[in-house]
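The structure under discussion appears below in the form of structure tokens.
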Amino acid sequence: RFSEKLVGGLNGELAFDLYFKATEYRLLCAEQGSVLHVRVNNARHLPNTDSGVMGDLSDPYVIVKVGDLQRRTPTIDNDLNPDWKDGNLFTFSVSDEDAMLELEVMNANLVKDDSLGKASVRIGTLDPSHWLRLVQELEHGPGEGATVELDVFFKPNERYHLNHDLEQAKKEEKESLAEAARLSKEVQMAERAQKWLDNVEENTKMPLSMEERDWASACGGRNFVAPAWITVTQTQVEALVRARDKHPHAVALFRDGKASPLAKHQKLKVKLMAAFGLDLAPSRASETYCTCEIPLKKHSKIHTDPVPASANPEWRFSRSMRGYDPGDALVMEIYSRDRAENTPRADQLLGRAFLPGDKFYPNGFDGLLNLTLGPRPTGATLRVTALVMESS
Numbered sequence: 095r096f097s098e099k100l101v102g103g104l105n106g107e108l109a110f111d112l113y114f115k116a117t118e119y120r121l122l123c124a125e126q127g128s129v130l131h132v133r134v135n136n137a138r139h140l141p142n143t144d145s146g147v148m149g150d151l152s153d154p155y156v157i158v159k160v161g162d163l164q165r166r167t168p169t170i171d172n173d174l175n176p177d178w179k180d181g182n183l184f185t186f187s188v189s190d191e192d193a194m195l196e197l198e199v200m201n202a203n204l205v206k207d208d209s210l211g212k213a214s215v216r217i218g219t220l221d222p223s224h225w226l227r228l229v230q231e232l233e234h235g236p237g238e239g240a241t242v243e244l245d246v247f248f249k250p251n252e253r254y255h256l257n258h259d260l261e262q263a264k265k266e267e268k269e270s271l272a273e274a275a276r277l278s279k280e281v282q283m284a285e286r287a288q289k290w291l292d293n294v295e296e297n298t299k300m301p302l303s304m305e306e307r308d309w310a311s312a313c314g315g316r317n318f319v320a321p322a323w324i325t326v327t328q329t330q331v332e333a334l335v336r337a338r339d340k341h342p343h344a345v346a347l348f349r350d351g352k353a354s355p356l357a358k359h360q361k362l363k364v365k366l367m368a369a370f371g372l373d374l375a376p377s378r379a380s381e382t383y384c385t386c387e388i389p390l391k392k393h394s395k396i397h398t399d400p401v402p403a404s405a406n407p408e409w410r411f412s413r414s415m416r417g418y419d420p421g422d423a424l425v426m427e428i429y430s431r432d433r434a435e436n437t438p439r440a441d442q443l444l445g446r447a448f449l450p451g452d453k454f455y456p457n458g459f460d461g462l463l464n465l466t467l468g469p470r471p472t473g474a475t476l477r478v479t480a481l482v483m484e485s486s
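Numbered according to this note's numbering, the sequence shown spans residues 95 to 486.
Have a look at this one:
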């Protein structure tokens with residue numbers, strides 16, 4: 095039995111009974127598909143957007159939406175803390191693209207209904223095959239502190255599980271790459287500081303010139319270090335040496351700061367030459383390309399032009415990287431795509447390579463990098479050239 099509000103009339107509702115007998119094909123599709131059951135229980139502390147005169151309060155109902163499918167509860171008149179007992183249970187077929195369960199509490203009016211707040215739940219985070227009770231705070235509404243309570247039961251199929259695990263793995267891999275780049279930079283700074291500490295007496299002498307190359311190298315090309323003879327006495331230097339021997343802490347002397355106006359700007363030029371041994375059969379309908387970027391600096395990303403796909407594609411692409419600082423690492427990725435596809439599809443990742451900053455700064459790099467897919471080596475390699483140059 096259903097009770098639905100009449101649209102375009104004068105505030106009426108239609109009650110009717112419905113009987114549905116599913117075919118065997120539809121039952122089979124339902125068994126193999128992902129299903130989400132939602133029961134809206136109540137809402138609390140809703141704002142009043144009606145007149146308030148003579149007990150005229152908001153008349154709430156809830157719209158529940160998954161993908162393109164939308165359902166709604168009955169309207170409860172003049173109640174800021176409504177409880178739904180009937181017409182509040184809904185079932186949705188969930189496709190692989192459906193990621194969110196969306197709810198919006200509305201106030202029914204004669205002319206135009208207005209929103210009292212919205213809430214959303216990411217379907218992939220739900221514990222499957224168990225009834226869960228959720229209390230969601232309403233956002234983007236006229237008031238504060240309003241909530242909606244609902245029970246959910248999610249029964250995913252195997253494909254939905256795999257897609258969710260794949261997206262989670264991609265997210266973790268991206269975070270791991272960023273962390274690896276950060277650690278590589280810290281190690282390089284620590285090694286530079288350790289070299290400075292190994293010869294404190296020599297490094298505290300007055301340099302011949304503030305622009306002397308050895309001094310610029312000691313400053314890392316971008317971190318200005320005031321000469322010790324300006325601010326540190328010999329007694330303090332001896333104390334520093336004793337403290338170093340007792341409690342080594344190399345990184346503290348080289349805090350990451352803004353570039354000195356006397357330091358020369360560093361320019362990075364990268365050449366993506368070719369790949370060897372890709373796991374891809376040659377095809378006229380597909381092509382491959384290579385990207386390169388500095389982790390956490392999206393504006394630095396460059397990419398080659400696509401070439402016909404083969405196991406050994408050759409690009410010979412050369413470009414300067416924007417936003418490079420000494421110590422930055424590089425991440426290269428090779429993709430393939432099908433030009434014959436009539437419908438858009440994500441390009442396929444064939445392999446990824448990582449080049450730490452200390453491998454090419456300051457002496458450059460020209461060699462082969464192993465390609466991996468997550469933790470698994472692919473057996474393929476990528477030839478890369480990286481050269482750091484000084485520019486005014």
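Positions of the beta carbon are idealized from the N, C-alpha and C atoms, including for glycine.
These figures come from a predicted structure and were not determined experimentally.
| said: Which of the three DSSP states is assigned to N135 in this structure? | reply: As a first step, residue 135 is located in the sequence shown; it is residue number 41 there, counting from the start. Looking at N135 - three-state DSSP - the assignment turns out to be strand.
| task | Whole angstroms is fine: what's the gap from K487's alpha carbon to T185's? | result | Since the first residue of the chain shown is 95 and the last is 486, residue 487 is not available in this structure.
| task | Mark P355 as exposed unless 16 or more other C-beta atoms lie within 10 angstroms of its C-beta, in which case mark it buried. | result | For the purposes of this step, residue 355 is taken as residue 261 along the sequence shown, with counting starting at 1. No answer about P355 holds up, because its pLDDT of 47 lies below 50 and its placement is not dependable.
| field | Cα-Cα separation between S145 and A240, rounded to whole angstroms | value | For the purposes of this step, residue 145 is identified with residue 51 of the sequence shown, where counting begins at 1. For the purposes of this step, residue 240 is identified with residue 146 of the sequence shown, where counting begins at 1. For S145 and A240, the distance between alpha carbons rounds to 19 Å.
| query | Which residues in the same chain as A310 place their Cβ atom closer than 6 Å to its Cβ, once the five residues preceding and following it in sequence are excluded? | reply | For this step, residue 310 is matched to residue 216 along the sequence shown. Below a pLDDT of 50, predicted positions are generally treated as unreliable, and A310, at 45, falls in that range; no measurement from the model is reported.
| Taking the continuous beta strand (DSSP E) assigned at G445, which residues delimit it? | Against the sequence shown, residue 445 aligns to sequence position 351. Residues 442–449.
| Of the choices W225, E198, D259, whose alpha-carbon is the least far from that of D37? | Here the chain comprises residues numbered 95 to 486, so residue 37 is not present and cannot be evaluated.
| message | Please return the same chain residues whose Cβ sits closer than 8 Å to the Cβ of N406, not counting the five positions on each side in sequence. | response | Taking the sequence shown and counting its residues from 1, the one referred to as residue 406 is at position 312. If we look at N406 and ignore the five residues flanking it on each side, its Cβ neighbours are A368, A369, F370, G371, L372.
| On the premise that G417 lies in contact with H397, defined as a C-beta separation below 8 Å, what is that separation, rounded to the nearest angstrom? | What you label residue 397 is simply residue 303 of the sequence shown in a count that begins at 1. What you label residue 417 is simply residue 323 of the sequence shown in a count that begins at 1. Actually they do not touch by this definition, with Cβ atoms about 16 Å apart.
| Pairwise C-alpha distance: N201 and P154 | For the purposes of this step, residue 154 is taken as the residue at position 60 of the sequence shown. For the purposes of this step, residue 201 is taken as the residue at position 107 of the sequence shown. Looking at the two C-alpha atoms, the distance is approximately 5 Å.
| task | Starting from S404, follow the beta strand (DSSP E) in both directions and report where the run begins and ends. | result | Here residue 404 refers to the residue found at position 310 when the sequence shown is read from its first residue. That residue, S404, is in no beta strand (DSSP E); it is neither H nor E in DSSP.
| field | Residues bridged to P471 (per DSSP) | value | Sequence index remark: in the sequence shown, residue 471 carries index 377 (1-based). Residue pairing by DSSP puts P471 in a beta bridge opposite T466.
| For P471, which option in R446, P456, L220 has the closest C-alpha, if you only look at C-alpha atoms? | If you number the sequence shown from 1, residue 471 lands on position 377. Here the closest residue by C-alpha is R446.
| request: Rank K453, P400, R413 by C-alpha distance to the C-alpha of I62 and give the top, closest one. | output: There is simply no residue 62 to check, as the chain begins at 95 and stops at 486 in what is shown.
| task | Measure the C-alpha to C-alpha separation of N135 and D221 and round it to an integer number of angstroms. | result | Here residue 135 refers to the residue found at position 41 of the sequence shown. Here residue 221 refers to the residue found at position 127 of the sequence shown. Distance between the alpha carbons of N135 and D221 is about 19 Å.
| query | Which term fits F454, buried or exposed, when burial requires 16 or more other beta carbons within 10 angstroms of its beta carbon? | reply | Here the question's residue 454 lines up with position 360 in the sequence shown. F454 is buried by the Cβ-count criterion.
| field | Beta-ladder partner(s) of F454, from DSSP | value | As a position in the sequence shown, residue 454 is number 360, starting the count at 1. Paired residue(s): none; F454 is not in a bridge.
| query | Expressed to the nearest angstrom, what Euclidean distance is found between the alpha-carbon atoms of A480 and N464? | reply | Position 386 of the sequence shown, counted from the first residue, corresponds to residue 480. Position 370 of the sequence shown, counted from the first residue, corresponds to residue 464. Near 16 Å, if we compare the C-alpha coordinates of N464 and A480.
| request: Note down the Cα distance separating E233 from V129, rounded to an integer number of angstroms. | output: As a first step, residue 233 is located in the sequence shown; it is residue number 139 there, counting from the start. As a first step, residue 129 is located in the sequence shown; it is residue number 35 there, counting from the start. Near 26 Å, if we compare the C-alpha coordinates of V129 and E233.
| Nearest CA to the CA of M415: which residue from K265, E408, M426? | Indexing the sequence shown from 1 puts residue 415 at position 321. For the residues K265, E408, M426, the minimum Cα distance to M415 belongs to M426.
| Just how far apart, CA to CA, sit R89 and A109? | Residue numbering for the chain in the displayed model covers 95 to 486; residue 89 lies beyond these limits and cannot be assessed.
| Under 8 Å between C-beta atoms of D192 and I157 | As a first step, residue 192 is located in the sequence shown; it is residue number 98 there, counting from the start. As a first step, residue 157 is located in the sequence shown; it is residue number 63 there, counting from the start. No, these two residues do not count as a Cβ contact at 8 Å.
| Cβ-based burial, S270 [other Cβ within 10 Å; buried from 16] | Working through the sequence shown from its first residue, we reach residue 270 at position 176. The residue in question, S270, is exposed, as its Cβ has fewer than 16 Cβ neighbours within 10 Å.
| query | Would a C-beta distance cut-off of 8 Å place L112 and L210 closer than the cut-off? | reply | For the purposes of this step, residue 112 is identified with residue 18 of the sequence shown, where counting begins at 1. For the purposes of this step, residue 210 is identified with residue 116 of the sequence shown, where counting begins at 1. For L112 and L210, no; Cβs fall outside 8 Å.
| Within 10 angstroms of its Cβ, does W225 collect 16 or more other Cβ (buried), or is it exposed? | As a first step, residue 225 is located in the sequence shown; it is residue number 131 there, counting from the start. It counts as exposed.
| Using CA coordinates, which residue listed in T167, V188, D173, A274 is at the minimum distance from D180? | Within the sequence shown, numbered from 1, the residue matching residue 180 stands at position 86. When only C-alpha atoms are compared, the closest one is T167.
| Identified DSSP bridge partners for M487 | It is not possible to answer for residue 487, since the shown part of the chain is limited to 95 through 486.
| field | Own chain residues within Cβ distance below 7 Å of G149, not counting five before or after | value | Taking the sequence shown and counting its residues from 1, the one referred to as residue 149 is at position 55. Counting only Cβ-Cβ distances below 7 Å, and skipping sequence neighbours, we find N172.
| Distance, Cα to Cα, E387 vs K265? | Mapped onto the sequence shown, residue 387 falls at position 293. Mapped onto the sequence shown, residue 265 falls at position 171. Using only the alpha carbons, I get a separation of about 17 Å.
| field | Element boundaries [beta strand (DSSP E), containing G211] | value | Walking along the sequence shown from the start, residue 211 turns up at place 117. Unbroken beta strand (DSSP E) run through G211: 208–216.
| request: Would you list, in sequence order, the uninterrupted beta strand (DSSP E) runs of no fewer than 3 residues that lie entirely inside the region 124–190? | output: 128–138, 154–160, 163–166, 183–188
| message | What does the alpha-carbon distance come out to for the pair E381 and L374? | response | As a position in the sequence shown, residue 381 is number 287, starting the count at 1. As a position in the sequence shown, residue 374 is number 280, starting the count at 1. Those two C-alpha atoms are separated by around 10 Å.
| message | Suppose you measure from the CA of A440 to the CA of P236; what does that come to, to the nearest Å? | response | As a working note, residue 440 is residue 346 in the sequence shown. As a working note, residue 236 is residue 142 in the sequence shown. Taking the straight line from one Cα to the other gives about 40 Å.
| Closest by C-alpha distance to H359, when choosing among P456, T117, L476, D177 | Taking the sequence shown and counting its residues from 1, the one referred to as residue 359 is at position 265. For the residues P456, T117, L476, D177, the minimum Cα distance to H359 belongs to P456.
| query | At which residues does the beta strand (DSSP E) containing V246 begin and terminate? | reply | What you label residue 246 is simply residue 152 of the sequence shown in a count that begins at 1. Residues 241–249.
| query | What distance in whole Å lies between the Cβ atoms of A213 and V188, which are believed to be in contact at a cut-off of 8 Å? | reply | The residue given as residue 188 occupies position 94 in the sequence shown. The residue given as residue 213 occupies position 119 in the sequence shown. About 18 Å separates the two Cβ atoms, so there is no contact after all.
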